[in-house]
Structures are given as C-alpha cells and as structure tokens.
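Take a look at the structure below.
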Ligand code: TEU
C-alpha cells in the first residue's frame, strides 16, 4: 500500500486531557491548557492531536462513560473552548481527533435512563436487557456467564424492571445495542455534530465489541475456579460488525473525509483483521491491533504473574504486522504507549537512571523507522516513566488495577504483605502510569498545575531529575531532542520508513535481545538497516555485509566498532544506510 496519504504520514499526539495542563488550579487538566501547548506539540513534530474523552461524564472510567455526547465535562471547559481549540489548530495546520466511545454509554446518559424506566420504554431495546436465570436452589443468576472487563459479572441486575442489563466494562457503562437502527441513527447524528464543528477524525473505542452474537451464549469455561468466564468469542467481532462500520463510513465519515482508527480487542488473526482495514472494504483507515502493547500480559490476564517482555516476541509481532498490512492493502498504526498501560520505557526498556535515556531513544528509533501512522502518548517524547517502585497500592487509583488487586487480596485473606507478585505486575502495566500528569518543569507539581493546587493524580517525583520539557528543551542530548530529530529524519525519508518495504533479519544473525530489520525504498535501491538492542548488556549482531554501510543515526555519541560482528552497547540503536 504505497499510495501516499497525509494521514499515513501523520504524527498523532495522544492527550489524556485530565493530565496534560491545568490552567484554573483545580488539579485537573483543561482545554485552555491544551491550547496553550499547541506550539510545543507542533515543535515536537506532531501534526494531529487525539483527545481521550472530554464529553460530559460522571468519570467512573475517566470519561469512557459518556452521559452526553454533545456537551463537555465542565472541568475541561466549554464547547466554545473546543471551537477555539479547532481554530488554533487550523492556524498551525494541525488536526483534531476525538475519542468516540459508542460501544457503551454511562448509566447517567438520558438514553439509558429512559431505557431502564420500563420494559416497554421506547428506548428499551437501545441496551441489552435480559431476564434472570435461576439455579437449582432458586438463586437469581445473570443471563450468561460472561465476566466483566473490570471484574465480576458482565451483567447488572436492575430492580426497576427485574431484568439484567449488559455492561462489559463497569456496571455504570451499559452496552449499547447496535442492532437497533434508531440507536445507530442517533449515534450517527451525535458524530455529525462533532464533524460539523470541525473535528477531523476519531479513535473508535472498543470498536469491535459493537456487534455481539445475537444469542449471547455462555463463554467457554477456561478458568474453572472462577465464577465468570471470558465471553469474547461471542461479544467481539460479531456477525454485523462490518455492516455497522460500512454504514458509518458511507453515511457519516465519507461526507467529511474523516479519518478513523479503531481499537481492536481479542481479534488477532490476519484474515479477520484484514476485513476491517483492507482499503477495498471501505470501513476504517487503521487499527490498534493491541497484541504488541499486550505482549507482556500474564497467561490468564493482564496482571496475572508469569508474563513478561521478550524481544523475540516483539520481533515476530513487528514482522507479522509490517508484512501483513501491505499484503492485504491495509495500514499499520505504530504505538507503544497509551492511557491503558505502563510507560514503554519502563516496560520494554529500562527506567534505571543508567539506561533510561538510551532506552527511550532506542524505542523512539523503533517507532520512527517502521511503516504506519505514528501515535505518541504525551510525555513519551521526554521519556516519562512509570511511578517509582517504592510507591504503594494507595497511589494506584485506576479501577482496572485496583479491582484486580482487591480481588486477589481478598483471596489471600486481606494480607497486603502477600501481594508482592501482583504489585510487581501493577508497577509495570497499571493504567495509572499512562495517566500521570505531564511533566513540564522541575518546579512544584511539575508545572502541570499551580504550586498550591492538588493534582488529581500523583505527579512522578522524577520531574525534578531532568525528566521534564523545560530541562530537555535546551539540551541537544535529551530524549526530547532525539525525538524531534527522529521525526524529522522519518519525514525526510518517507519513501523508506513510511512507504518502503520491510524485511526482518533472520534470528540466526541476531542475539535474542536484538530486533533488526531492513527498510527499502520501492523506487530506488536505497536501503536502511535498523539495529536495536533491548538489553542492558552488550548484544551481538552478525552481518558481514554491513561493513560497507554508513551510520545515519544512533543513540550513542560514537558508532559501534565495525566488523563482521557488531557489539551493540546497552539499549543501543543504530540506523545504517547502504551508502
Ligand atoms: O479499552 C478497551 C479495552 O478493551 C480495555 O479493557 C483495555 O484493553 C484494557 O484497559 C487494557 O488494560 C477502552 C479504553 O481505552 C479504556 O480506557 C476504557 O476503560 C475502555 O475502553 C472502556 O471504554
């Protein structure tokens, strides 16, 4: 897929609005704060911002529980602020993407309030309502055995009408029933509302959960000790999924030339994935396939012990998607960070002060030398890391991690001293790390809010140690400077890095901690070779032919010694060119 498109070359800067910049000292980021930093974002090399949800919401899941799609959560500002944001973006030739959370609403959304009122309510069918089941003892049970994404049953009993409703995430996030065409039209209208305001694109939340199997069958029993089971076989990528997306595309997005990225959970095989994103199918532009960012999950879920990061796995997943997308005429996204995970430098690199700068630059080299649309989470460009390991569970406030911790804690008799293994997983992967306040300065509250204000989320104390924008801005050796150069470098060689062909070097040539690949321009014989060491030790690469190549970029001040065998230093990244 070498057809050039601005959205393929875009650099999208994800902003978690509560954590970016607070201008009114309530400890919560806001739209005027975002506006005040647009020049900065542009200077990094990003041209588009994606805002995690800013809609009206009781914030049970930080805005992924929307109570009104057409208004703004007051602490963020007003609709006028959004209009001003859009015109300020336009003035800088930048674009705005919003998050589209339409697999579910908040239980405080008017639609749900009407739906829950009575069994014959006009909007009853806009959500999933089902009768209880009863076991042999006559005890009331949910309609099926599905487990909720944040623990417990995926069903919530509602006294009002004596039925259960489906809520795959929190009980306060009821799932919308997309089979209902009136509901679909109402959602379309809400999307048009934003497109008419000038929004350029959307990240579609939990996209492939929007069509479920009509019978909502029980999930297979894979964890016999647990009461509820994963129902993903029945609730992900259901039978009408593609119809809904094609309808959205032709009825809504096309008229505005809007660009979309869909969040794709559970569905991982290339054949099924291709159906969403192959150009000829006219559905969405690109996907977050999730398997790279989930690669260190435990065997029975994100925080279960026994997972871990293995560069060989990154190697094979990178090869899988870099080669699959061109094959079925789809398009990749590139990302290692988002608001649902730990910071990449801590997970796949190292936040040990000896290596952190090298590791952050190595990861920047990975992301900027692959084919796809690049997504950066605010703070990634300065090497922001996870919360320090000496911080206890009380600093973790996100529902996902907290609910899991509490469930295990209960099974261990409430004894916190027995929780070290789970704490270790949270220290790497908890969603809190991706949501830490942006570190602007080395001053109080990292300049995220005024000194006397109380930030909604812990500020990482490492902002005092150079991990902030102000300190890094003037330092040519900082992670920030490296990111700026890497993005400029990528832009200069779009035909190689964005549209070029991809070839992974054989495992036999590289140490198990090294990921190494070639990129080649289709129209000339210009070739680049990228070597990345994901280890705090020296790691070798055996490529005799490279002796003739020249070093284009690297994260050490000197190039590695040339020879048939190259010894990469800890977290070293080098980009060679065939001359
Ligand atoms: O996440 C969808 C999702 O499947 C999550 O369970 C995700 O995989 C998990 O958090 C990884 O740790 C989206 C949003 O990105 C997330 O913030 C929301 O909580 C969720 O949808 C519900 O809207």
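Numbering (full-length UniProt numbering), first residue to last: 5 to 583. Glycine residues also receive a C-beta, built at the ideal position from the N, C-alpha and C atoms.
Item: Near ligand 1: residue 153 beta-carbon under 7 Å from a heavy atom; Value: yes
Item: Identified DSSP bridge partners for residue 581; Value: 532 and 554
Item: CB contact flag (residue 486, residue 306, <8 Å); Value: no
Item: Proximity test, residue 439 beta-carbon vs ligand 1 heavy atom, cut-off 7 Å; Value: no
Item: Whole-number beta carbon distance between residue 438 and residue 345, since they are thought to touch under 8 Å; Value: 5 Å
Item: Any non-hydrogen atom of ligand 1 within 7 Å of residue 173 CB; Value: yes
Item: Residue 522 versus 578, 7 and 158, residue with shortest Cα-Cα distance; Value: 578
Item: Residue 4: first and last residue of the uninterrupted alpha helix (DSSP H) it sits in; Value: The structure shown does not extend to residue 4, since the chain spans only 5 to 583, so no value can be given for it.
Item: Coarse secondary structure for residue 158, derived from DSSP in three states; Value: coil
Item: Cβ contact check for the stretch 193-201 and the stretch 124-132: 3 or more pairs under 8 Å; Value: no
Item: Residues that residue 15 bridges to, as DSSP identifies them; Value: 378
Item: Cut-off 7 Å between Cβ atoms - residues of its own chain near residue 82, not counting five sequence neighbours on either side; Value: 76
Item: Residue 23 Cβ short of 7 Å to ligand 1 heavy atom set; Value: no
Item: 8 Å Cβ cutoff, residue 179 in contact with chain B; Value: In summary, chain B is missing from the structure at hand, where a single protein chain is found.
Item: Close beta carbons around residue 61, own chain, < 7 Å, minus the five adjacent residues each side; Value: 67, 69, 70, 71, 77 and 110
Item: For residue 90 and residue 201, believed in contact at Cβ under 8 Å, the rounded distance; Value: 7 Å
Item: Cβ-Cβ separation, residue 187 to residue 180 (assumed contact under 8 Å), whole Å; Value: 6 Å
Item: Best match in 11, 518 and 147 for proximity to residue 136 [C-alpha to C-alpha]; Value: 147
Item: Supposed contact pair residue 376 and residue 336 - C-beta distance, whole angstroms, cut 8 Å; Value: 3 Å
Item: Helix, strand or coil at residue 453 according to DSSP, with G and I counted as helix; Value: coil
Item: Beta-carbon spacing of residue 533, residue 580 below 8 Å; Value: yes
Item: Other residues of its chain near residue 368: CB distance less than 7 Å, five sequence neighbours each side excluded; Value: 486, 487 and 490
Item: Residue 314 CB to nearest heavy atom of ligand 1 below 7 Å; Value: no
Item: Proximal residues to residue 227 (C-beta, below 7 Å), its chain only, five neighbours per side dropped; Value: 233 and 304
Item: Collapsed DSSP secondary structure at residue 527 in the structure displayed; Value: coil
Item: Residue 347 Cβ short of 7 Å to ligand 1 heavy atom set; Value: no
Item: From 412, 320, 229 and 150, residue whose alpha carbon lies closest to that of residue 308; Value: 412
Item: Distance cut-off 7 Å: residue 117 Cβ against heavy atoms of ligand 1; Value: no
Item: Span of the beta strand (DSSP E) around residue 291; Value: 290-292
Item: Proximity below 8 Å, CB of residue 23 to CB of residue 37; Value: no
Item: Contact under 8 Å by Cβ, residue 380 with residue 15; Value: yes
Item: For residue 404, the first and last residue of its enclosing alpha helix (DSSP H); Value: 403-415
Item: Residue 306 CB to nearest heavy atom of ligand 1 below 7 Å; Value: yes
Item: Inter-stretch contact (C-beta, 8 Å, three-pair minimum) for the stretch 247-267 and the stretch 207-226; Value: yes
Item: Exposed unless 16 or more other CB atoms sit within 10 angstroms - verdict on residue 420; Value: exposed
Item: Continuous alpha helix (DSSP H) stretch holding residue 317: start and end; Value: 315-331
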